[in-house]
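Residue numbers (our numbering): -15 to 257.
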């Protein structure tokens, strides 16, 4: 019997426009009946995740938790004070930011409070993030590090609509980064993500399971892209939605027939019951 389902948000639990498909709302109610804890797990900040869930009856998630910043933060649902907090090495973050400014790379810079500074956005990315909370688009001559004041940064990501190009960018930068300080992953077929070393959704799930006294064999990890891979591998059952990227499919114990836009969680519950 599975006791906890940890799910990526964008392109997994959320469909087009970062909205919850009606079928997944029904699945949340069914999970409550089954005694299964549903835990959102995202690369986005806690506040942004909560905004995407704002239309859901809070009773469906009462007593649950939220894993954010790729596993670097854990919060109780409804409480913005993190139980776990991990931020980036400041020098590494500054190096990546200055590189992106020099080369005018479309990027998101995340602060620990949930502010998301974006810069050098292309029109595709501007449309993709249009209804996400916490976005602050900066002008080309503004400085995100200065704008953040004394805040620390959990992550920074670069975007390119050519996914192969953004992967090459990450590999080009890898030798200049200390592997004991920074890890690199990918998401949404558009991003290369730079996060603190050892931070991933798998470690986030393991930390939460330990807090709750839940065996990892009793957990399910659901995702669609590379930044979900560690969670899929760590969980007792690793699941990909039908739109999962090719690089995570071999690691999945189960690939669903339904896509994120369909609302895949009723199928998931049927197949694990």
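Even for Gly, the Cβ is constructed at its ideal location relative to N, Cα and C.
Once the 5 residues before and after residue 98 are set aside, which same chain residues still bring their CB inside 7 Å of it? 29, 30, 31, 32 and 118
Measuring CA to CA, which of 215, 204 and 236 is closest to residue 22? 204
If you run the structure through DSSP and keep just helix, strand and coil, what is residue 113? coil
I want to know whether the stretch 150 to 166 touches the stretch 94 to 108 - three or more CB-CB distances under 8 Å. no
Would you call the CB atoms of residue 171 and residue 56 closer than 8 Å? no
Compare the Cα-Cα distances from residue 207 to each of 7, 71 and -5 and report the closest residue. -5
Strand pairing of residue 175, partner residues [DSSP]: 143 and 171
For residue 211, which option in 50, 54, 41 and 45 has the closest C-alpha, if you only look at C-alpha atoms? 54
Is it the case that the Cβ atoms of residue 175 and residue 142 are separated by a distance below 8 Å? yes
Entirely enclosed beta strand (DSSP E) segments - the stretch 39 to 70, minimum 3 residues: 49 to 52 and 57 to 60
By Cβ distance below 6 Å, which residues in the same chain neighbour residue 15 in space, the five residues on each side in sequence not counted? 22
Nearest CA to the CA of residue 183: which residue from 12, 115, 25 and 110? 25
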